[in-house]
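A.B. asks: Numbering (the working numbering), first residue to last: 7 to 510.
Right, here's the structure in full:
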């Protein structure tokens, strides 16, 4: 690698190490760099760097090509960046140490000091020294802001790097504020719908989603879509529409069916509101994707649309969307393709969830189409698959039975047969350490499940000896089972009456 273009005059040839670019005994009162360096080096020498758990955070913000006039600084910076790019634990440790040495060797008023500080913060954060990384990231931002002013576009990488380190330090609110400050700078300089803010928006969405801040995720996803619609290609618009649809779909799945939120929508369950929003964005994405030559994403969006209607218990809409999805797959990939076979299975699932016996016809055709892909056929049709519920729910109990240890799991273990219609039958309890009421509830819960049956020679068949483990935990009675609450209140009343009688 060769140095970038340099100002007139030869590069300064300096020695390596801490003596680079600094006269002996030079004062350092302007910033607490020496204190940070001392603390950081103490941490490194005493405890070592933790092994990074994932790829290097903020690598997209790394300042790779800095126009150093001093060749020694340039070479040291190149070595540190190359070490960080290796992304192994030892290489990241080495990169952090190299950036520390370089930053300590540079004069305090060096024009590239903030850029090196930001790179150092990125390396330290990747190594796990988040406290020192945050100090350097904030110092870099303040130094850069002092030289450029508060609304310069060159501040954006520094603001994003500060937000990334705050995210790693689990300071969610502060991280989101840092990202939004970067967003505000782009608004002020380039306009409200500039694509330059997408880096900040994507980070806000990621952090807010991890912390269940759904309102922020909603706003930022919609802002991202508006930006795409103003100035970006249909391909990007479709991507944003699908992201919004997936977001609302996931929120709808996680919302209990009887939840209501406000007087304005008192008669519309929140699950349905969110599901309908997902449907709307899927339909918009399908319209956009029809203008593009992207059959994979088009058919995937149509598949998700049908599944969303099914999740909302709208069987007519679900089956209509599923048939359109299958028709599109056949037209795009052919009647005998593997994709068509998989689509037939998915459509069969939607018809089965809609209590429509025609599901068996789709399973039979899928068996025939997938004959050329025996492994996939075995995976899809060779054993029962639970369709509803998607996740096993753990239910609460009033108290832990006296015969169960404090660390023992509370479970009911059952075996059952998946019938050809997808319903469980012949349920037997093999093991249980809970009370009779919980055993009855476990049976009822299992019998409400629905499975894709095993298919043999195109015909759904029964599958015996299937096992289900129903977990419980000690806590308040579940609001979805009001009879539990009523029994608990009656039981407590009897206990209080007995205690009062004994006292008398």
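C-beta: ideal position from N, C-alpha, C; glycine also.
All of these numbers come straight from a predicted model, not from anything done at the bench.
What are the boundary residues of the beta strand (DSSP E) that residue 346 is part of?
C.D. replies: Counting from 1 along the chain shown, the entry for residue 346 is found at position 340. Here residue 346 belongs to no beta strand (DSSP E); instead the alpha helix (DSSP H) covers 344 to 359.
A.B. asks: Going by beta-carbon coordinates alone, are residue 67 and residue 128 separated by less than 8 Å?
C.D. replies: Residue numbering aside, residue 67 sits at position 61 when the chain shown is read from its first letter. Residue numbering aside, residue 128 sits at position 122 when the chain shown is read from its first letter. Yes.
A.B. asks: Indicate the three-state DSSP secondary structure (helix, strand or coil) for residue 402 in the structure shown.
C.D. replies: By 1-based counting over the chain shown, the position of residue 402 is 396. Strand, per DSSP.
A.B. asks: Counting only the same chain and skipping the five closest in sequence on each side, list residues whose C-beta sits under 7 Å from that of residue 42.
C.D. replies: Residue 42 sits at position 36 when you count from the first residue of the chain shown. Interpretation of residue 42 is limited by its pLDDT of 39, a score under 50 that renders its predicted location unreliable; the figure taken from the coordinates is listed afterwards. The answer, listed in chain order, is 138, 141 and 142.
A.B. asks: Just to check my reading of the structure: residue 102 and residue 133 have Cβ atoms closer than 8 Å, yes? What is that Cβ distance to the nearest angstrom?
C.D. replies: Here residue 102 refers to the residue found at position 96 of the chain shown. Here residue 133 refers to the residue found at position 127 of the chain shown. Sure, about 5 Å apart at Cβ, within 8 Å.
A.B. asks: For residue 118, does the three-state DSSP call read helix, strand or coil?
C.D. replies: In the chain shown, the residue the question calls residue 118 occupies position 112. It is coil, neither helix nor strand.
A.B. asks: Tell me whether residue 469, by its Cβ, gets closer than 7 Å to a heavy atom of the ligand ATP.
C.D. replies: Although the ligand ATP was asked about, the structure shown includes no ligands whatsoever.
A.B. asks: Relative to the C-alpha of residue 164, which residue among 177, 126 and 411 is closest?
C.D. replies: Your numbering for residue 164 matches position 158 in the chain shown. The shortest C-alpha separation from residue 164 is found at 126.
A.B. asks: Out of 110, 502 and 406, which has the shortest C-alpha to C-alpha gap to residue 477?
C.D. replies: On the chain shown, position 471 is the one that residue 477 refers to. Nearest option by C-alpha distance: 406.
A.B. asks: Starting from the C-beta of residue 496, find all residues in its chain whose C-beta is less than 7 Å away, skip the five residues before and the five after it, and write them out in chain order.
C.D. replies: Along the chain shown, one-based indexing puts residue 496 at 490. Closer than 7 Å at Cβ, skipping near neighbours: no residue.
A.B. asks: What separation, rounded to the nearest whole angstrom, lies between the Cα atoms of residue 223 and residue 505?
C.D. replies: Here residue 223 corresponds to residue number 217 of the chain shown, with the count starting at 1. Here residue 505 corresponds to residue number 499 of the chain shown, with the count starting at 1. C-alpha separation (whole angstroms): 53 Å.
A.B. asks: Go through its chain and collect everything with a Cβ distance to residue 410's Cβ below 7 Å, but skip five positions before and after it.
C.D. replies: Position 404 of the chain shown holds residue 410. So the list reads 416 and 439, once near-sequence residues are dropped.
A.B. asks: Going by alpha carbons, who is nearest to residue 257 out of 281, 274 and 246?
C.D. replies: Within the chain shown, the letter at position 251 stands for residue 257. The residue with the shortest Cα to Cα distance from residue 257 is 281.
A.B. asks: Which of helix, strand or coil does DSSP assign to residue 422?
C.D. replies: For this step, residue 422 is matched to residue 416 along the chain shown. Three-state DSSP puts residue 422 in a strand.
A.B. asks: Among residues of its own chain, excluding the 5 on either side of residue 394, which ones have a beta-carbon nearer than 7 Å to its beta-carbon?
C.D. replies: As a first step, residue 394 must be located in the chain shown, where it is residue number 388. 359, 455 and 456, listed in sequence order.
A.B. asks: Kindly list the residues whose CB is nearer than 7 Å to the CB of residue 391, restricted to its own chain and excluding five residues on each side of it in sequence; keep chain order.
C.D. replies: Here residue 391 is taken as the residue at index 385 of the chain shown, counted from 1. The answer, listed in chain order, is 457 and 458.
A.B. asks: Per DSSP, which one or two residues make a beta bridge with residue 519?
C.D. replies: The structure shown has nothing for residue 519, since the chain only spans 7 to 510.
A.B. asks: Hey, how far is the Cα of residue 316 from the Cα of residue 480?
C.D. replies: What you label residue 316 is simply residue 310 of the chain shown in a count that begins at 1. What you label residue 480 is simply residue 474 of the chain shown in a count that begins at 1. Roughly 33 Å separates the two Cα atoms.
A.B. asks: Could you tell me if residue 347 is buried or exposed, where buried requires 16 or more neighbouring beta carbons within 10 angstroms of its beta carbon?
C.D. replies: Mapped onto the chain shown, residue 347 falls at position 341. Classification of residue 347: buried, given that the 10 Å Cβ count is 16 or more.
A.B. asks: Helix, strand or coil for residue 177 per DSSP?
C.D. replies: Taking the chain shown and counting its residues from 1, one reaches residue 177 at position 171. Looking at residue 177 - three-state DSSP - the assignment turns out to be coil, as it is neither helix nor strand.
A.B. asks: Locate the beta strand (DSSP E) running through residue 262, then write down its first and last residues.
C.D. replies: Translated into positions along the chain shown, residue 262 becomes position 256. Unbroken run through residue 262: none, as it is neither H nor E.
A.B. asks: Does the beta-carbon of residue 60 have 16 or more other beta-carbons within 10 angstroms, so that it is buried, or is it exposed?
C.D. replies: As a position in the chain shown, residue 60 is number 54, starting the count at 1. With a pLDDT of 39 at residue 60, under the threshold of 50, the modelled position of that residue is not reliable, and the figure given next carries that caveat. Exposed, because fewer than 16 other Cβ atoms sit within 10 Å of the Cβ of residue 60.
A.B. asks: Could you check whether residue 344 and residue 382 sit closer than 8 Å to each other, using their CB atoms as the reference points?
C.D. replies: In the chain shown, the residue the question calls residue 382 occupies position 376. In the chain shown, the residue the question calls residue 344 occupies position 338. Yes, the pair counts as a contact, with Cβ atoms nearer than the cut-off.
A.B. asks: Spatial neighbours of residue 229 within its chain, please: CB distance less than 7 Å, with the 5 preceding and 5 following residues excluded, ordered by chain position.
C.D. replies: As a working note, residue 229 is residue 223 in the chain shown. 207.
A.B. asks: Which term fits residue 486, buried or exposed, when burial requires 16 or more other beta carbons within 10 angstroms of its beta carbon?
C.D. replies: Here residue 486 corresponds to residue number 480 of the chain shown, with the count starting at 1. Low local confidence applies: a pLDDT of 44 at residue 486 is under 50, so the model's placement there is unreliable, and no value is given.
A.B. asks: Opposite residue 469 in the DSSP bridges: which residues?
C.D. replies: For this step, residue 469 is matched to residue 463 along the chain shown. Partner(s): 424.
A.B. asks: Assuming the contact rule is C-beta atoms closer than 8 Å, residue 64 and residue 167 should be a hit. Round their C-beta distance to whole Å, please.
C.D. replies: Taking the first residue of the chain shown as position 1, residue 64 is located at position 58. Taking the first residue of the chain shown as position 1, residue 167 is located at position 161. So it is a contact: roughly 5 Å between Cβ atoms.
A.B. asks: Between which two residues does the alpha helix (DSSP H) containing residue 433 stretch?
C.D. replies: Here the question's residue 433 lines up with position 427 in the chain shown. Residue 433 -> not in any alpha helix (DSSP H); beta strand (DSSP E) instead, spanning 430 to 438.
A.B. asks: Report the rounded CA-to-CA distance for residue 338 versus residue 292, giving the unit in angstroms.
C.D. replies: As a first step, residue 338 is located in the chain shown; it is residue number 332 there, counting from the start. As a first step, residue 292 is located in the chain shown; it is residue number 286 there, counting from the start. C-alpha separation (whole angstroms): 15 Å.
A.B. asks: DSSP three-state call for residue 34: helix, strand or coil?
C.D. replies: Reading the chain shown from its first residue, position 28 is the one you call residue 34. Summary for residue 34: the model assigns pLDDT 38, below 50, so the residue's position carries little reliability; its value from the coordinates is reported in the next sentence. Three-state result, residue 34: coil.
A.B. asks: Compare the C-beta of residue 231 against all C-beta atoms of chain B and say whether one is closer than 8 Å.
C.D. replies: In summary, chain B is missing from the structure at hand, where a single protein chain is found.
A.B. asks: Specify, as a first and last residue, the run of the alpha helix (DSSP H) that residue 72 falls within.
C.D. replies: Position 66 of the chain shown, counted from the start, is the residue given in the question as residue 72. No alpha helix (DSSP H) holds residue 72; DSSP gives it neither H nor E.
A.B. asks: Alpha carbon to alpha carbon, how far is residue 426 from residue 462?
C.D. replies: Residue 426 sits at position 420 when you count from the first residue of the chain shown. Residue 462 sits at position 456 when you count from the first residue of the chain shown. Computed Cα separation, rounded: 11 Å.
A.B. asks: Between the Cα of residue 368 and those of 262, 355 and 361, spot the shortest distance and give me the residue it belongs to.
C.D. replies: The residue labelled residue 368 in the question sits at position 362 within the chain shown. Ranking 262, 355 and 361 by Cα distance to residue 368 puts 355 first.
A.B. asks: Write down the C-beta distance between residue 396 and residue 475 rounded to the nearest angstrom, noting that I regard them as a contact closer than 8 Å.
C.D. replies: Here residue 396 corresponds to residue number 390 of the chain shown, with the count starting at 1. Here residue 475 corresponds to residue number 469 of the chain shown, with the count starting at 1. Not confirmed; about 17 Å, so no contact.
A.B. asks: Write down the C-beta distance between residue 288 and residue 251 rounded to the nearest angstrom, noting that I regard them as a contact closer than 8 Å.
C.D. replies: Counted from its first residue, the chain shown places residue 288 at position 282. Counted from its first residue, the chain shown places residue 251 at position 245. Sure, about 4 Å apart at Cβ, within 8 Å.
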